[in-house]
Amino acid sequence: MPGFVEKPEPVEVPGLTHLHTGKVRDLYRNAAGDLVMVASDRTSVYDWVLPTEIPDKGRVLTQLSLWWFDQLSDLVPHHVLATDVPAGAPADWAGRTLVCKSLDMVPVECVARGYLTGSGLAEYRQTRTVCGLALPEGLVDGSELPAPIFTPATKAAVGDHDENVSYEEVAHQVGTEVAAQLRQTTLAVYSRARDIARERGIILADTKFEFGFDGEQLTLADEVLTPDSSRFWPADLWQPGRAQPSFDKQFVRDWLTSPAAAWDRTGEEPPPALPHEIVESTRAKYIEAYQRLTGLSWS
43 MPGFVEKPEP VEVPGLTHLH TGKVRDLYRN AAGDLVMVAS DRTSVYDWVL PTEIPDKGRV
103 LTQLSLWWFD QLSDLVPHHV LATDVPAGAP ADWAGRTLVC KSLDMVPVEC VARGYLTGSG
163 LAEYRQTRTV CGLALPEGLV DGSELPAPIF TPATKAAVGD HDENVSYEEV AHQVGTEVAA
223 QLRQTTLAVY SRARDIARER GIILADTKFE FGFDGEQLTL ADEVLTPDSS RFWPADLWQP
283 GRAQPSFDKQ FVRDWLTSPA AAWDRTGEEP PPALPHEIVE STRAKYIEAY QRLTGLSWS
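Just so we're aligned, residue 43 is where the sequence shown starts under the working numbering, counting upward by one.
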């Protein structure tokens, strides 16, 4: 069964209660009842959390999320309260830790797509729809859609696939009013981020958000608009009809499916450790995405 190749033991910190070890993040609760979210350098591919870490990945995801939260704050509030490392925590938590409001989370992955690829492309090839939404004929891998679409998914446990669902299913699950709010906010945030990325020579093909309620206020949670949660493509290399170069862990995917890895992704054996050059190439892509989007130097 997919999942962790080697599940890490949670770090014990005085005053913090460990709640969950996710694919990338470790979640704790502090004495005040706030959540403490720590982004690790773990990476997950093909439903496996790999044994090899990507140095600086957790810091990149955290710092990029913070930058995006600032860009989006007039559209939707976010869950971040502070970035201080809790007393007694390891020094390497610096730059990768968020202290966050404890929200009533909505059990839906809110996905926005502006381009056709991935699971959306697979469904389109069969039915000319994505999550039940009809799309025009003649689209190919990487085609820009006539307008961004909201294509929600169920939240899966570690080792399982998220599954695309229809808007009607979301409305049935969370109610029509909340479903409408999720769709409207998801598309508004995607459109803002798409325009910001485009100014920097990057296509935001699709992305996923998580939301929760702070009382009655819909609030943006988790990470946002990182290479782990989004497909970012260099605009100058965009060419519909083929897989696009991307700012993410594609180096890892490509190596694991190459003869060099000698790994059968459909089998029972866990994936092997990554070679140094794949780790370094992947790290460089994450840092390049951060620098190009924010205009800041990585240090």
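Just so you know, even glycine gets a beta-carbon here, dropped at the ideal spot from N, CA and C.
- Assignment of beta strand (DSSP E) within the region 221-290, counting only whole runs of 3 or more residues, yields 244-256, 259-263 and 272-276 in chain order.
- In the displayed model, Glu48 falls within coil according to three-state DSSP, outside both helix and strand.
- In the three-state DSSP reduction, Glu151 falls in the strand class (E or B).
- Of the residues Glu311, Val216, Val141 and Thr227, the one whose Cα lies closest to the Cα of Ala154 is Thr227.
- When Ser82, Leu181 and Glu51 are compared, the shortest CA-CA separation from Ala164 is found for Leu181.
- Distances from the alpha-carbon of Ser82 to those of Pro93, Thr336, Gly243 and Asp76 put Pro93 closest.
- Under DSSP, Ala176 forms a beta bridge with Thr171.
- Of all alpha-carbon atoms in Thr59, Thr125 and Ala302, the one lying nearest the alpha-carbon of Gly75 is that of Thr59.
- Ranked by Cα distance from Val172, the first of Arg71, Tyr209 and Lys143 is Tyr209.
- For Gly100, the closest of Glu319, Gly137 and His120 by C-alpha to C-alpha distance is Gly137.
- Excluding the 5 residues flanking it on each side, Asp126 has same chain C-beta neighbours closer than 7 Å at Val141, in chain order.
- Here Thr159 is near Ala247, since their CB atoms are less than 7 Å apart.
- For Thr139, the enclosing beta strand (DSSP E) starts and ends at Thr139 to Cys142.
- In this structure, the beta-carbon distance from Phe274 to Lys327 does not fall below 7 Å.
- Under the DSSP definition of a beta bridge, His214 lacks any partner.
- DSSP places Leu108 in no beta strand (DSSP E) but in the uninterrupted alpha helix (DSSP H) bounded by Lys99 to Leu114.
- Here DSSP, grouped into helix, strand and coil, assigns Leu158 to coil.
- Counting the other CB atoms within 10 Å of its CB gives Trp340 a total below 16, which places it among the exposed residues.
- Looking only at Phe253, Val87, Leu335 and Tyr88, the smallest Cα-Cα distance to Asp237 is reached by Leu335.
- Contact between the region 106-119 and the region 256-270 is present, with at least three C-beta pairs closer than 8 Å.
- Spanning the alpha carbons of Ala304 and Pro314 requires a straight line of approximately 9 Å.
- Rounded to whole angstroms, the gap between the alpha carbons of Ala239 and Arg170 is 28 Å.
- The C-alpha of Thr196 lies about 20 Å from the C-alpha of Leu69.
- A distance below 6 Å between beta-carbons, with the five flanking residues on each side excluded, links Met147 to the following residues of its chain, in chain order: Gly254.
- About 5 Å separates the Cβ atoms of Trp297 and Ile320, confirming a contact at the 8 Å cut-off.
- When Ser233, His62, Glu265 and Gly45 are compared, the shortest CA-CA separation from Phe192 is found for Ser233.
- For Leu298, the enclosing alpha helix (DSSP H) covers residues Gln292 to Leu298.
- Annotated as distal: Val91 and Val294, with beta-carbon spacing of 7 Å or more.
- Distance from the CA atom of Asp278 to the CA atom of Lys291, rounded to whole angstroms, is 20 Å.
- Inclusion of Ala263 and Glu252 in the CB contact set at 7 Å is warranted, their separation being smaller than that value.
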